[in-house]
Amino acid sequence: MRAGIAVLTITALTIPASAAMAADWNDSRSAQRRAEELLDRMTLEEKIDMLHGEVSFDYGFYNAPIERLGIPALTMADGPAGVRVANQDVNEGGATAMPAPIALAAAWSGDLAEEFGRTAGNEAFTTGHNVFLSPAADIFRDPRAGRGFEAFGEDPMLSGVMASRQITGIQTNPVLADIKHLSAYNQEANRLVGGNAVVSERAYQEVFNRPIAKAVKDGHPASAMCAFNKINGIWACENPELLTTILREQMGFDGFVMSDYNATHTTLESWEAGLDQEQPSNFHYGQTLLDLVNDGTISEDEVDVRVLRILKPMFALGLFDQLVNTNGFNESAHAATSQRIAENSMVLLKNAGQLPLNVRGVGKIAVIGADADTDVAGGGSSLVKGTTSVSPLQGIRDRVGPSVDVEYSQGTDPIGNGASLLPGPEPVPSDVLTTAGGGSAGLTAQYWTNLTRDGEPGINRVEPFAALRMGFVALPAFNAQSPKLPETDSAYNGEASALWTSSLTAPVDGSYQFSLGAEGSARLYIDGTQVIEVSDAADFATNTWDVTMRAGETHDVRIEYEHDVPTGPDGGSQIKFGWVPPAEFVAEQARAAADLAAQSDAAVVVVRDLATEGADKPTLTLPQGQDDLIRAVARANPNTIVVLATGGPVQIDPWDQEVGAILQAWYGGQQQGAAIARILFGDVNPSGHLPVTFPQNEQQMPTSTVEQFPGVGVDTQYSEGIHVGYKGYANQDLQPKYPFGYGLSYTSFTSEALAVPRSVPVGQDGLLREGPLKVQARVTNTGQRTGAEVVQVYTGPLPGVADSPERALAGWAKVTVDPGGARNASIDLDPLSFAYWNADEDRFVTPRGTVQLYLGNSVTSAVPIGSMIVR
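Residue numbers -22 to -1, 1 to 849, in mature numbering (1 follows the signal peptide of the UniProt record, and there is no 0), belong to the letters of the sequence shown in order.
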């Protein structure tokens, strides 16, 4: 039974309404009629209860059942990289860890997106959920964005297709899909404290809302989620332009809008803007909303409209007819789906002949990398506990069998939140640190839940480095750092203090710069003398100390820390002890890895970043000395292959010329190791293409200024306008490292246009008709292996439009061709690729004139194939 309206309701695991309860509504009447008849039986209090959640630790969000009427609970699972099963009593909290959405986008396959959705929807349903909080149709605006891996890349057309097809797949089950996060939610900085996207109307419509419009039009999601941030000064969840004018009137959305977690800030303003359901509780709706109805401020008729928006898709998608269960799913079949998507998503960035490996030609393989023996994933609410795990190391061993010696070397310290997510120099590694008495590499760490280090420490352990990043990113269910690192209890998110002690031995002669960064207060002592202090830093601040040392010198290190400043919503204790050693320094772990590589026929170096909800990446540089590791290994073995297990682009300039092959593997899900191995050994021909541009470095991106990312104060200036991603590189004359759409194969292809639309009329709605918008292309495999090519069509600048992208994706086809063969492809073009947002007319308009079309396998390789007259 629902609890009465209260300020906060905490619910335990609740079994949804029974089959008997729902029997009255299980018939063949239309969803609209059934919803209206059920609404007539509801009391006002019951209607209000439908419009807010109850906090439950067993679900992402939860809306309790109304047992009197047989209304089942809305039991919501976090996504979008698979189903996060919060209740550990259900399948031990496990589900299939799917490749991250950025990987799915790299497959350039709507069919796989739909299969992803069907699989995840089935798992949601059979683990007790009838709402899946997925997909995320956000734009990967800057490669440092923490949640970029949850999105489908930087192009709105590609993102919209992937989102709509995934929704279609999800909703083949009795499960409501939820399109998120509306809108212009493109970074984690300031997300919970009023982070404000300052964006032009045209960019807002053409770039950030276009994927949502495509998903609404073609996927018909049952629900939508408004985001944490502000857009041009107005909270997303109380933004009438977004929730009513754009979403409902312009896009035609007819489902219900829920808030993200605590993203509701008002009652009446949110209600009038178009927010239907507050999540995860009733801080602003609930009793306050009921009072507004009772005093006449809000009519019950308005409430009825909102409740119908929820009930109708519940009926239409079968939530009353097929109640959720916890019977489990076909784990082996779903694991195979995850692996197939991973295999299709991986992008071969470079190959100088090292790949594919011949298992008969190698007797020994070195697998190197701090987390090469684990499966890497992004952090936050999308983190899924997989039903199994195949690391790259295990995948390679399984593939080659006992005939090949596969040996592992870690190469660097494990990849941690503090080392990866805090700015400043790399942490001082365990290679040069020794605990008291020479017992262990690293530092002795002690933690207290007070500011004075009184009493016995709550934690007393050895840590490889002194770098701590608490807060949301460190919560156990959301923490994506290396499992080799110990977790730190959330009790240390508030007032806390810590002490690290060790002995540091200088590895080489030369000049060293030591750094200490902290939120709060911290001090570094060398041989008992304080050399660095950070005092009462409300925001993370770093100070440094320069010193000259001789190889073999040993010094006592003591670091004191107090988290004595207010904790932000995503925050907690933050401290990092770093250094810049002499250039000739090579860590002992890297030397050991290089020695192993020198003794091997091939070296596979698996490197990773750490991308997560709750924090953006401070840099595109690989964390914790992984660049140095790659260089050391490559110099020891010319047959070095680098596998990038990252959530997006990273900077590869420090080493890319020294290695023979680079494979972008993304966060590849629970079967990532098996997929990587099958590509490395040629069982699978790589066919992924980049859905996001790889920059040369952080200074050569369309969003390289601090005003653009992460912003100044709470304001982020979207001053690149419509020129997001690859469009911005062209607009600013920036040369990417690897362009949007790029991807190599073990074979080679040529593509040619067979037919191009010559003259297409503009309809009364201002858009081109979809029917005539097709390019016929022929793809020929000129190599020796069967392979798949992604042939892409781009438009040139629009006629008569002053500010128009040099290239814009209009359509694509993924075509599998046998060696020496050829296949024709019919490529549908999106009418919106020929239109722009006209603020004066408040709609998309297609300018008349001539548009050049281009065909290729990336945005920079596309060549002219003819012009099209728009009339």
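The beta-carbon is built from N, C-alpha and C at its ideal position, and this holds for glycine as well.
Please read these numbers as outputs of a predicted model, since none were measured by experiment.
* To do: Between the Cα of Val599 and those of Glu404, Val768, Thr244 and Gln635, spot the shortest distance and give me the residue it belongs to.
  => For the purposes of this step, residue 599 is identified with residue 621 of the sequence shown, where counting begins at 1. Checking the sequence shown, residue 599 turns out to be Thr, not Val. The shortest C-alpha separation from Thr599 is found at Glu404.
* Of the listed residues Val702, Trp478, Arg338 and Gln255, nearest to Ala202 (C-alpha basis) -> The sequence position of residue 202 within the sequence shown is 224, counting from 1. If we check each option's Cα against that of Ala202, Gln255 comes out closest.
* Where does Asn322 fall in DSSP's three states? -> Working through the sequence shown from its first residue, we reach residue 322 at position 344. Here Asn322 sits in helix by DSSP.
* Three-way DSSP call (helix, strand, coil) for Phe94 in this model -> Along the sequence shown, one-based indexing puts residue 94 at 116. In the structure shown, Phe94 sits in a helix (DSSP, three-state: H, G or I).
* To do: Compute the beta-carbon to beta-carbon distance between Gly625 and Gly126, rounded to the nearest angstrom, for a pair I have assumed lies under 8 Å.
  => Against the sequence shown, residue 625 aligns to sequence position 647. Against the sequence shown, residue 126 aligns to sequence position 148. Between Gly625 and Gly126 a beta carbon distance of about 6 Å is seen, short of the 8 Å cut, so the two are scored as contacting.
* Which ranges does the alpha helix (DSSP H) cover as unbroken runs of at least 4 residues, wholly within the region 12 to 66, from first to last along the chain? -> If only complete runs of 4 or more residues are kept, the region 12 to 66 shows the alpha helix (DSSP H) at 22 to 27, in order along the chain.
* Enumerate in chain order the residues of its own chain whose CB-to-CB distance from Val325 is below 6 Å, with the five nearest sequence positions on each side excluded. => As a position in the sequence shown, residue 325 is number 347, starting the count at 1. Around Val325: Ala84, Gln642, Gly666, Leu668 and Gly721.
* Asked: DSSP on Trp249, reduced to helix/strand/coil?
  -> Along the sequence shown, read from residue 1 onward, the residue named residue 249 stands at position 271. The answer is helix: DSSP assigns Trp249 an H, G or I state.
* Under the three-state DSSP convention, the category Lys195 falls into -> In the sequence shown, residue 195 corresponds to position 217, counting from 1. Three-state DSSP puts Lys195 in a helix.
* To do: Tell me whether Thr266 is buried or exposed, calling it buried when 16 or more other Cβ atoms sit within 10 Å of its Cβ.
  => Residue mapping note: residue 266 aligns to position 288 of the sequence shown, counting from 1. Thr266 counts as buried, since no fewer than 16 other beta carbons sit within 10 angstroms of its beta carbon.
* **Own chain, CB closer than 7 Å to Met(-2), minus 5 neighbours either side, in chain order** => The sequence position of residue -2 within the sequence shown is 21, counting from 1. With a pLDDT of only 49 at Met(-2), under 50, the local geometry of the prediction cannot be trusted, and the value read off the model is given with reservation. Within the same chain, Cβ atoms closer than 7 Å to the Cβ of Met(-2) are found at Glu45 and Gly48, the five residues on either side in sequence being excluded.
* If we cut at 7 Å on Cβ distances, does Ala580 have a partner in chain B? -> Absence of chain B from the displayed structure is noted, only one protein chain being present.
* Simplified DSSP assignment, three categories, for Pro334 -> Here the question's residue 334 lines up with position 356 in the sequence shown. It is coil, neither helix nor strand.
* **Classification of Glu15 by the beta-carbon crowding that lies within 10 angstroms, buried from 16 upward** => Looking up residue 15 in the sequence shown gives position 37. Here Glu15 is exposed: its Cβ has fewer than 16 other Cβ atoms, across all protein chains shown, within 10 Å.
* If you run the structure through DSSP and keep just helix, strand and coil, what is Gly264? -> By one-based count along the sequence shown, residue 264 stands at place 286. In the structure shown, Gly264 sits in a helix (DSSP, three-state: H, G or I).
* Return yes when the Cβ of Ile608 is within less than 7 Å of the Cβ of residue 850, no when it is not. => Nothing in the structure corresponds to residue 850, since the chain is present only between -22 and 849.
* Measure the beta-carbon distance from Ala81 to Ala320 and round it to whole angstroms, keeping in mind my assumption that it falls under 8 Å. => The sequence position of residue 81 within the sequence shown is 103, counting from 1. The sequence position of residue 320 within the sequence shown is 342, counting from 1. At roughly 7 Å, the Cβ-Cβ gap stays under 8 Å, so Ala81 and Ala320 are in contact.
* Pick from Glu473, Phe659, Ile157 and Ala572 that is closest to Thr430, judged by C-alpha positions -> One-based indexing of the sequence shown puts residue 430 at position 452. When only C-alpha atoms are compared, the closest one is Glu473.
* **Coarse secondary structure for His107, derived from DSSP in three states** => Locating residue 107 in the sequence shown gives position 129, counting from the first residue. Coil, per DSSP.
* **Rounded straight-line distance, which links the Cα of Thr728 to that of Arg11** => Translated into the one-based positions of the sequence shown, residue 11 becomes position 33. Translated into the one-based positions of the sequence shown, residue 728 becomes position 750. If you take the alpha carbons of Arg11 and Thr728, they lie about 55 Å apart.
* To do: Hey, could you find the ends of the alpha helix (DSSP H) Phe293 is sitting in?
  => Against the sequence shown, residue 293 aligns to sequence position 315. Glu278 to Ala294 is the span of the alpha helix (DSSP H), which, as asked, contains Phe293.
* **Identity of the residue in Pro842, Tyr163, Gly72 and Leu712 nearest Leu172 by Cα** => As a first step, residue 172 must be located in the sequence shown, where it is residue number 194. The question names Leu, but residue 172 is Gly in the sequence shown. Looking at the Cα atoms, Tyr163 is the closest of the given residues.
* Under three-state DSSP, which class holds Phe518? -> Counting from 1 along the sequence shown, the entry for residue 518 is found at position 540. Correct three-state label for Phe518: strand.
* Look up Trp644 in the DSSP assignment and give the residues it is bridged to. => Mapped onto the sequence shown, residue 644 falls at position 666. Note: Trp644 sits in no beta bridge, so no partner.
* **Rounded distance between the beta-carbons of Gly638 and residue 850, thought under 8 Å** => Here the chain comprises residues numbered -22 to 849, so residue 850 is not present and cannot be evaluated.
* **Helix, strand or coil at Asp232 according to DSSP, with G and I counted as helix** => Here residue 232 refers to the residue found at position 254 of the sequence shown. In the structure shown, the three-state DSSP call for Asp232 is coil.
* Which value, in whole angstroms, describes the spacing of the CA atoms of Leu411 and Ser316? -> Position 433 of the sequence shown holds residue 411. Position 338 of the sequence shown holds residue 316. Answer to the nearest angstrom: the Cα atoms are 41 Å apart.
* To do: Take the Cβ of Asn69 as the centre, count every other Cβ of all protein chains shown within 10 Å, and call the residue buried at 16 or more, exposed below.
  => Position 91 of the sequence shown holds residue 69. That one is buried.
* To do: Assign Asp594 to buried or exposed, taking buried as 16 or more other Cβ atoms, counted over all protein chains shown, within 10 Å of its Cβ.
  => As a position in the sequence shown, residue 594 is number 616, starting the count at 1. Flag for Asp594 reads buried.
* Asked: Which residue comes first and which comes last in the beta strand (DSSP E) that contains Tyr704?
  -> The residue you call residue 704 lines up with position 726 of the sequence shown. Going by DSSP, Tyr704 is part of no beta strand (DSSP E) but of the alpha helix (DSSP H) stretching over Tyr704 to Asn709.
* Per DSSP, what kind of secondary structure is Met135 in: helix, strand or coil? -> Residue numbering aside, residue 135 sits at position 157 when the sequence shown is read from its first letter. Note: Met135 maps to helix in three-state DSSP.
* To do: Can you tell me which of the three DSSP states Asn471 falls into?
  => Residue mapping note: residue 471 aligns to position 493 of the sequence shown, counting from 1. Three-state DSSP puts Asn471 in a helix.
* Tyr425 (DSSP reduced to helix, strand or coil) -> Mapped onto the sequence shown, residue 425 falls at position 447. Strand, per DSSP.
* Asked: What does DSSP give as the partner residues of Tyr814 in its beta bridges?
  -> Locating residue 814 in the sequence shown gives position 836, where the first residue counts as 1. In the DSSP output, where bridge partners are listed per residue, Tyr814 has Val823.
* Specify whether the region 707 to 720 and the region 677 to 696 touch according to this definition: at least 3 beta carbon pairs, one from each stretch, less than 8 Å apart. => yes
* To do: Give the DSSP bridge partners of Glu540, in chain order.
  => Here residue 540 refers to the residue found at position 562 of the sequence shown. DSSP lists Ser475 and Ser499 as partners of Glu540.
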